[in-house]
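Q:
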Amino acid sequence: KAQKDKDKPNSTTNGSPEVMMLKDIDAKVEPERPLSNGIKPVSPEQEELIHRLVYFQNEYESPSEEDLRRVTSQPTEGEDQSDVRFRHITEITILTVQLIVEFAKRLPGFDKLLREDQIALLKACSSEVMMFRMARRYDVNSDSILFANNQPYTKDSYNLAGMGETIEDMLRFCRQMYAMKVDNAEYALLTAIVIFSERPSLVEGWKVEKIQEIYLEALKAYVDNRRR
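Residues in the sequence shown are numbered consecutively from 670, following the numbering used here.
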C-alpha cells in the first residue's frame, strides 16, 4: 500500500500543461524540440499523463476480493456445466465493465464532458476496451485469457460456455498484441484513445476529438521513443 500511495498521482501535479490542456481544451502546449535523430522526445507533461493512466489502469485492473466472492463457479441445482461456464463469464464481464467505467471517470478530460456525452462514450467503448483488457491478461503459454480471479479461460472453456464462435477472433487479437510486445503504457494510452472516440450520438463531439488528440500525441511520442 505504501508503494501504491507513493506512485499515486497527487494534486500538486494538476497544473502541468498536458493536464491543463485537458481542463481547457483551447490551450496550446509548445512542442518539444526533436532529438538529433528527428524523433520528438516525450515531454515531462506527457510522462506525467502516462504515469496517471498506468496508475489508474493498475488500480482498476481487477475486481475486489469481496466482488469476486460473489461470483461462484459452482453449479446450482439442475444447472449443467455449460450454463455454469456461461454464467461465470457473464458475471466476470459485468464486474470488468464496472472497472472500465471507474477507469474512464478518472481520465483527465473526462469530467469536462457533458454527462450525456460521458454516458454515450462509456456505452460505445466497453466492448473495445474489453478487448484490450483481455489482451493484457493473455497467457501465451496456455493460449488462454486469465480472468480476474486468475482462472485461465481457453478456447475449450468458451466452447463449453457456448461462446466458441467469438473466442477465436479474441484470441487472434490477443496473440497479435502479444507479438507486438505492447506494454502497459501503450495499453493505457490506447484505452484512453478508444474511450475518447467520435461517436454518432455525441453532443459535443468536437470536444471529445480535441481531448483524444492529446492522448494520440502522447502515444506517438511514447512509441517513437520506445521503439526507435
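A virtual CB, placed ideally from N, CA and C, is assigned to each residue, including glycine. As the structure is a prediction and not an experimental result, all values here were calculated from the model.
Label A804 either buried or exposed according to how many other C-beta atoms from any shown protein chain fall within 10 Å of its C-beta, with 16 as the threshold for buried.
A: Start at 1 with the first residue of the sequence shown, and residue 804 comes out as number 135. Buried, by the Cβ-count rule.
Q: If you count every other CB in all the chains shown that lies within 10 Å of the CB of E886, and 16 or more means buried, which is it?
A: Position 217 of the sequence shown, counted from the first residue, corresponds to residue 886. Result: buried.
Q: Would you list the one or two residues that DSSP bridges to P821?
A: As a working note, residue 821 is residue 152 in the sequence shown. L815, per the DSSP bridge assignment.
Q: Check for me: the alpha helix (DSSP H) holding P869 runs from which residue to which?
A: One-based indexing of the sequence shown puts residue 869 at position 200. It is not in any alpha helix (DSSP H) - P869 carries neither H nor E in the DSSP assignment.
Q: For the 8 Å Cβ check, are there 3 or more pairs between the segment 864-876 and the segment 818-834?
A: No contact exists between the segment 864-876 and the segment 818-834.
Q: DSSP three-state label for D749, please.
A: As a first step, residue 749 must be located in the sequence shown, where it is residue number 80. Of the three classes helix, strand and coil, the one that applies to D749 here is coil, per DSSP.
Q: Would you identify the three-state DSSP class for Y729, choosing helix, strand or coil?
A: Residue 729 sits at position 60 when you count from the first residue of the sequence shown. It is coil, neither helix nor strand.
Q: Have a look at F755 and C794 and give me their C-alpha separation to the nearest angstrom.
A: Sequence index remark: in the sequence shown, residue 755 carries index 86 (1-based). Sequence index remark: in the sequence shown, residue 794 carries index 125 (1-based). Answer to the nearest angstrom: the Cα atoms are 22 Å apart.
Q: Per the contact definition of three or more C-beta pairs closer than 8 Å, is the segment 825-841 in contact with the segment 872-882?
A: These segments do not touch.
Q: Opposite Y807 in the DSSP bridges: which residues?
A: Counting from 1 along the sequence shown, the entry for residue 807 is found at position 138. According to DSSP, Y807 bridges with I814.
Q: Where does M832 sit, in a helix, a strand or coil, going by DSSP?
A: Numbered from 1 along the sequence shown, position 163 holds the residue referred to as residue 832. Three-state DSSP puts M832 in coil, outside helix and strand.
Q: Would you check if the segment 759-778 and the segment 840-856 touch, i.e. whether three or more CB-CB distances between them fall below 8 Å?
A: Cβ pair count under 8 Å is below three, so no.
Q: Excluding five sequence neighbours on each side, which residues of the same chain lie with their C-beta closer than 7 Å to the C-beta of S811?
A: Locating residue 811 in the sequence shown gives position 142, where the first residue counts as 1. Hits under 7 Å: P821 and T823.
Q: Taking C-beta to C-beta, are I761 and V740 nearer than 8 Å?
A: Position 92 of the sequence shown, counted from the first residue, corresponds to residue 761. Position 71 of the sequence shown, counted from the first residue, corresponds to residue 740. Result yes, Cβ atoms of I761 and V740 sit closer than 8 Å.
Q: In three-state DSSP terms, what is I761?
A: Residue mapping note: residue 761 aligns to position 92 of the sequence shown, counting from 1. Three-state DSSP puts I761 in a helix.
Q: Using a 10 Å radius around the Cβ and a threshold of 16 neighbouring Cβ atoms, would you call D749 buried or exposed?
A: Looking up residue 749 in the sequence shown gives position 80. Burial call: exposed.
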